[in-house]
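Asker:
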Ligand code: UDP
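Numbering (the UniProt record's numbering), first residue to last: 1 to 139.
The following block contains the structure:
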């Protein structure tokens, strides 16, 4: 069964490069409603927990360093078919392979520093949303 929510982060590279507004505009134009949002910074512990599934991958250390080096925007988005539609909107992990018009094609610089996160399943969307937001922060 698919749910109607997904979780996203605007990553430190996109914040540093001044793309918060541009990315939120793409998200809104694509029909996603923001039901929770915060400007925050991950601690090393947060990033290691959030990306625990990648802990054995060679890029894990770099990923944790990148994700903690500056502020991020975390948000929960609502739309029919949210997880799948948002993955389509952000494009492939590697911006060089991302389709024209996708957020990563427009705003990302490399496979590591790729501007945005989007949950890859309904189950992970729920886990990741709960990682960042309490019930009373979701509207
Ligand atoms: N990543 C990386 N090097 C790689 C693959 C991934 O640094 O070779 C980073 C990148 O920031 C990516 C994150 O690890 O977004 C999670 O990887 P995943 O394969 O889950 O990609 P996503 O679901 O974000 O497209």
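Ideal placement from N, C-alpha and C gives every residue a C-beta, glycine not left out.
If you're wondering where the values come from, they're calculated on a predicted model, not measured in any experiment.
What's the gap between the Cα of residue 38 and the Cα of residue 75?
Answerer: So the alpha carbons of these two residues sit roughly 7 Å apart.
Asker: Judging by CA-CA distance, which residue of 55, 127, 104 and 7 is the nearest neighbour of residue 44?
Answerer: Minimum Cα distance to residue 44 is reached at 55.
Asker: Is there at least one non-hydrogen atom of the ligand UDP closer than 6 Å to the beta-carbon of residue 61?
Answerer: Not under cutoff, so the answer is no.
Asker: Check whether the Cβ atoms of residue 8 and residue 82 sit closer than 7 Å, and answer yes or no.
Answerer: No, the pair does not count as a contact, with Cβ atoms beyond the cut-off.
Asker: Exposed or buried, what is residue 94 when buried is set at 16 or more other beta-carbons lying within 10 Å of its beta-carbon?
Answerer: Result: exposed.
Asker: Buried or exposed: where does residue 96 fall if 16 or more other Cβ atoms within 10 Å of its Cβ makes it buried?
Answerer: Exposed is the call here.
Asker: What does the alpha-carbon distance come out to for the pair residue 117 and residue 91?
Answerer: Computed Cα separation, rounded: 10 Å.
Asker: Along the chain, which unbroken stretches of the alpha helix (DSSP H) at least 4 residues long are found entirely within the UniProt domain "Nucleoside diphosphate kinase-like" (3 to 139)?
Answerer: The qualifying runs are 12 to 16, 20 to 29, 44 to 50, 60 to 68, 82 to 90, 103 to 107 and 122 to 132.
Asker: Taking the alpha carbon of residue 10 as the point to measure from, which residue in 57, 3 and 27 has its own alpha carbon closest?
Answerer: Checking every option, the nearest Cα to that of residue 10 belongs to 27.
Asker: Quick one: does the C-beta of residue 127 sit closer than 6 Å to a heavy atom of the ligand UDP?
Answerer: For the ligand UDP, not one heavy atom lies less than 6 Å from the Cβ of residue 127.
Asker: Going by beta-carbon coordinates alone, are residue 48 and residue 64 separated by less than 7 Å?
Answerer: Contact: yes.
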